[in-house]
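Residue numbers (full-length UniProt numbering): 1 to 236.
Step one of this worksheet: look at the structure below.
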Amino acid sequence: MAYSSLKTLLKVSITAIALTFPLAQGHSTFVRIALNGDWQEPLRYIRNKTSPYEDIAVTVDYPSTHRLYNDPTWPIDRPESVRCGRDHMSHASGTDVLTVRAGDTMAFAHQLYEPAEWTTAQFLDCPQGRGTCDDQGYTMGLFHEGPVVAHLSKVPEGQDVHTYDGAGEWVKIYTIGVRTRGTNDFLGTPFIWLPHNDGKLPPKFEFSIPPKTPPGQYSLPASPILFGIEQLIAVK
């Protein structure tokens with residue numbers, strides 16, 4: 001099959017998930033997307049998750065199964081929670097589907113607050129063209145170190161994006177991770193996690209849909225992951 005760059009139409013269901021790896025600490029969720037710089041309404045095109053929710057994991061760091069909106073997702077939680085968010089299939093049928101072209105630019109913005117605490121000011125006229133900010137006009141940071149990743153998961157033949165649970169194949173299309181520190185940076189660790197940025201202004205989480213992506217329906221999971229410098233050094 002020949003692929004036509006910038007002409008391939010995709011129907012993409014964006015999946016909102018919290019942290020989904022072993023050392024996840026939670027505290028943030030991607031809740032807003034932009035297509036080619038145009039921010040959509042919060043949670044539009046995003047498959048939401050149920051909160052509060054009783055999952056199954058009990059760990060030393062988190063000795064409870066009770067989960068609120070921005071609480072962590074552990075790898076020993078229910079598989080559907082790890083893949084695409086807690087109880088996400090309950091929200092699938094009511095989620096709008098976004099049509100994009102291969103090569104289009106997408107961006108994600110996160111929230112640190114529970115939905116009941118959201119205000120208009122957290123989404124309106126945010127600095128630097130960002131999709132979220134706090135009530136004082138500052139951009140929202142990330143509490144924890146680690147990468148941000150995004151995947152595409154093509155809906156299998158015979159299924160629809162509204163009934164797809166994300167259990168198929170995933171292809172990573174975006175990662176923002178670490179860089180080594182400069183010679184004048186004396187914070188004591190050899191690397192800096194770019195999403196956390198030492199607690200300062202985080203970068204914009206922006207990427208393009210690969211130009212040779214085949215046409216079809218897709219889920220697009222995106223996730224910040226906690227992965228400390230000590231773990232990075234240990235596996236080096």
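Positions of the beta carbon are idealized from the N, C-alpha and C atoms, including for glycine.
Predicted, not measured: the structure shown is a model, and the values here were computed from it.
Opposing strand residues paired with residue i [DSSP bridges]
i	result
I191	Looking at the sequence provided, one finds Phe at residue 191 rather than Ile. F191 is bridged to T180.
I206	Looking at the sequence shown, residue 206 is not Ile but Glu. In DSSP, E206 forms a bridge with A107.
A150	Y174, A222
A34	W39, A107
H66	E54
T29	Q111
DSSP three-state assignment for residue i, whether helix, strand or coil
i	result
D160	coil
G129	helix
E54	strand
G141	coil
A18	Only weak support exists for where A18 lies, its pLDDT of 34 falling under 50; the coordinates are left without a value.
T120	helix
R86	coil
Q217	strand
L23	Confidence in L23 is poor, its pLDDT being 34 and thus under 50, which makes the residue's placement unreliable; the coordinate value appears in the next sentence. Reduced to three states, the DSSP call for L23 is coil.
H196	coil
S93	coil
E169	coil
P211	coil
A75	Note that residue 75 is Pro in the sequence shown here, rather than Ala. If DSSP states are grouped into helix, strand and coil, P75 belongs with coil.
Top-ranked residue by Cα proximity to residue i, from the options
i	options	result
K200	M106, P214, E145	E145
M140	Y218, P210, P127, T175	P127
T99	P224, L35, I173, T180	L35
N48	R83, I76, T59	R83
A116	K154, S51, L152	S51
A107	P215, A150, I76, E169	A150
D71	Q159, P79, E54	E54
R130	P202, Q159, P147	P202
Q40	S219, R78, L124	L124
W170	R179, T163, L152, F205	L152
V31	G94, V58, A109, M89	A109
T180	Y174, F191, I173, Y45	F191
V97	L112, I33, D135	I33
L43	V178, H91, V161, P214	H91
V155	T175, P214, T105	P214
I209	T105, G166, W193, Y164	T105
S81	T175, Q111, D165	D165
S219	L226, E114, D198, I46	I46
P221	P195, Q111, W193, Y174	Y174
Outcome for residue i when other beta-carbon atoms lying within 10 angstroms are tallied against a minimum of 16
i	result
Q25	Low per-residue confidence applies at Q25: pLDDT is 41, beneath 50, and the placement is therefore not dependable, though the value from the model is reported in the following sentence. Classification of Q25: buried, given that the 10 Å Cβ count is 16 or more.
H66	exposed
R86	buried
T119	exposed
Q122	buried
P224	buried
K212	exposed
A16	Low confidence applies to A16: its pLDDT is 46, below 50, so where it sits in the model is not reliable, and the reading given next is rough at best. So A16 counts as buried.
P79	exposed
T132	buried
T73	buried
T95	buried
L68	exposed
T29	buried
V148	buried
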